Structures are given as structure tokens and as C-alpha cells.
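For the sequence shown, the working numbering begins at -10 and goes up steadily by one.
By construction, the Cβ of each residue, glycine as well, lies at the ideal position given by its N, Cα and C atoms.
If you're wondering where the values come from, they're calculated on a predicted model, not measured in any experiment.
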Amino acid sequence: MGRQTDHVITQYDRYVMNTYRRSPLVLTKGKGSRVWDVEGQEYLDLFPGWGVSGLGYNHPWVRAALRSQSSRALHVSNNYYHPLQWRAAQKLVEASFDGKVFFCNSGAEAVESAIKLSRRWGEGRHDIIVMEQSFHGRTIGALSATGQTKHQQGFEPLLPGFVRVPYNDLQAVRKAVTPATCAVLVEPIQGEGGVHVGTDEFLTGLRRLCDEHKLLLIMDEVQTGMGRTGAWFGYQHSGAVPDIMLLAKALGGGFPIGAMIAQEHLADVLPPGTHAATFGGNPAGCACILAVFEAVEKEQLLARVQTLSRVLFERLQALAARLPIIRVVRGRGFMVGIELQVEGDAIVEACRAKRLLINCTQGRVLRLLPAMTITRAQLDRALEILEHALAAAASSKVAARP
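This is the structure we're talking about:
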């Protein structure tokens, strides 16, 4: 590490709470799928901002929208109106389903909003069926809904009323329904849980089940939303339209903002005084949402994801056929999981040494969330680096056998 990197890390150790596992990189700027550290070294980032930078870093339209709005007003209280909030809500509704939008600041806040809406709507029914291996956030309500005990340890007692069932198991969901059930909460693709894709049969089955028992279907699209899968939203591949959809991450193109979209018949469940977010739907965030929509539409990024994801999966499937170290490749669009036979951290570090940034989740699942704006040349270069790292790890595994 260089002197400047050492200095920043030392100051973090002195002043910043150590709540994250950080790589020893000090990033100072980014453009598209490239980032630079404080030492001037350039990296390709295939996991930009944990999925926040869906348009890549520093997209010019988002930057221009933020600059323009900052000269007017960054914040307007929700006691008043401003024109950008309804315009951003309109774009979200037009891209999804007929309903209304509540704006907040993060994915966890969107989940909390859905929990409150569902329970108030349930009028005494309060249980929510959730999935094993799910991840919904770090606040106490979202954490209680999460289906992984490793994230919950030490924070008990958790919020009661969440019933866990296996993902992609419709019969298990059906058996879990009781007179106390008010909703089902599901990710169309489990991201942190290992990039497991919900089957069309499972998601459409949930829709029918919820209709049958008069339950709300909540789709957590914090990671899958805003074009990540090649459609605006992950549920659109199956056609299982939710009653409530939750968004954040790529929604603001790098600016922190979240949203809950609820169908029209739910819009009055939370009247004034029952829920709020001080910064939710502020002009700066809404300007960024509108810029994201404009960029995706005018640059035809959904079609780009569909085209390049085929290249990506073909390359990875061919690699899996050659390297037994790869158990399976799964995902959809630009949301990719590569499950390994070995722990993945060493491969993440090997890629970083070659100036490629990726992620590992669940110990053995390499996770890729490329920006929708990535070029073919950048994608090819990233796959070359990843292939070399995986091939080296496979060779090491063979050499280590007795």
C-alpha cells in the first residue's frame, strides 16, 4: 500500500466505527465502470457501489441533474409540495403498475414502510411470511424479516411476526399461511443470499396464493430494480405483479433515495401522521431518479443488458465446463452468481491484485453486478482477469490434493 492509502486507513481506524469489512483501497473518483484510488491506480469495477451505481460512476446526466437542482434547493420539507416528487413518482408508476409512491432514503427504510403498511392493512393480521436466506436490511424490522441468523445474532429479541420458509417452495408458503398472516415478502432474486433466482412458477404461484387468501404480495426489488435484470423490475419476467414493491440502490444513480410503490387500493392505508421520512423524496433525489430514467430510456440500456448478459453467461458457462472449481453459474441480466467448490475471498483478492473489483457472498458465491453502461471491451477484460484467477485457484486446488 502507498503512503496516502496508509494515512487514510490510519485515520479511519482513529475516527470511524469499524462496522464494515473494507478492502485496503482508498477510492477517490470514478467514471462508468472505472475507478481510481488515491495512488492513481485504475480499476475495473464489476460490483460498483454494491449495485448502487447501476449507470456506473458519475453518469453525466445524473451529475448534471444534481448540479442543476443544487442551485435551487437540495431539500424541501414534506409539509409542502415540489414538482419533482410527483414527476419521479409518475415515472415509477408508469414503469411498473398503477399505484402511488412513498419516498424514503434506503432499502431498509422501504422494507420498514412495507411492514407498517401491511400490518395496518391487516387490521389484526400481523404475520408476514419471509424466505430463508433472504436479506432485507439492517434496521431491526428489516433484520427481523431477514432469513439469515448470522445477521441477527446479538440483536435479539427481534420483532415477532415473521414466518420463514424455503425459497422457491410454494407448498411451504401455502402451509405457513394462518388466519394471522397478512403478507408474503420475497426477493425476485436473492442477492446477498447467493444470487438465487425465483422461478416463474414460484412467483406466479405466490401471486395466486395471495389472491386466494387475501394477502399482500411484497416484492423487495432493492437490488433487482431499475434495469438490473434486463427489465425495469425483476417481477416483470414472471408477470407476477406485486401489491407493494420496494426500491433503492440504483434508483438515484448514486444519490441515496428509496421508494415503496403500493397499489392504488392500498394508498390510503397510511394517512397523514402514520408514517414519514424527513429527507424522503427531496428535490435532489427526485432529480436524480428522473435522470436515471432518462439515461436508461435514451441510451437503450435495458436492451444493452439483455444483449451483453448473454455474452456474460455464455462465457461463464463455458468457463464452468472447463473448471470443476465452479459448481454453478446462475442469475439474470447483470445480476450474476458464481458458486464455487472453494472459499471465494482469495479469488476476490486475486482479481483486485489485477485491478478488477468483484464481491463474494455466502462464502463461496462470487457476485457480479456490472453497470448497465459497461462496454463490451471492459466486460471482456474483466472476464479475462476473472478467468485467470479462477484457473489459478483450480490449479492450486489440484496441486494441494494428496
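Buried or exposed by the 16-neighbour rule on C-beta atoms within 10 Å, applied to residue i
i	result
Glu332	exposed
Gly29	exposed
Ser385	exposed
Gln0	exposed
Extent of the continuous alpha helix (DSSP H) to which residue i belongs
i	result
Ile314	Segment: none, Ile314 is in no alpha helix (DSSP H) and carries neither H nor E.
Leu81	72 to 84
Ala339	334 to 342
C-alpha gap between residue i and residue j, whole angstroms
i	j	result
Gly136	Ser123	5 Å
Leu174	Met(-10)	44 Å
Val65	Glu83	24 Å
Ser60	Ala273	10 Å
Gly228	Thr193	7 Å
Ala389	Glu176	Since pLDDT at Ala389 reaches only 49, below the 50 mark, its modelled position is unreliable, and the value read off the structure follows with that caveat. One C-alpha to the other measures close to 39 Å.
Lys139	Gly180	16 Å
Ala383	Ala371	18 Å
Pro72	Arg196	34 Å
His(-4)	Val90	44 Å
Leu368	Gly88	37 Å
Arg23	Leu33	5 Å
Helix, strand or coil at residue i according to DSSP, with G and I counted as helix
i	result
Ser(-3)	This sequence places Val at residue -3; Ser is not what is there. Residue state, collapsed to three classes: helix.
Gly216	coil
Glu190	helix
Tyr224	helix
His185	strand
Gln295	helix
Phe91	strand
Leu368	helix
Ala237	coil
Asp2	helix
Glu201	helix
Gln330	coil
Glu28	coil
Arg23	strand
Val230	coil
Leu147	coil
Ile178	strand
Enclosing beta strand (DSSP E) for residue i [first to last residue]
i	result
Thr170	170 to 175
Ala53	Per DSSP, Ala53 belongs to no beta strand (DSSP E); it is in the alpha helix (DSSP H), 49 to 59.
Beta-carbon gap between residue i and residue j smaller than 8 Å
i	j	result
Leu290	Val325	no
Phe92	Gly270	yes
Val357	Leu16	With the sequence shown as reference, residue 357 is identified as Leu, and Val is not the correct amino acid for it. It is not a contact, given that the beta carbons lie outside the stated cut-off.
Val186	Arg365	no
Leu81	Ile233	no
Ala237	Val211	yes
Trp75	Leu205	no
Cys277	Gly241	yes
Ala172	Ile207	yes
Chain C contact for residue i (CB, 8 Å cutoff)
i	result
Leu372	The structure shown contains no chain C; it is built from a single protein chain.
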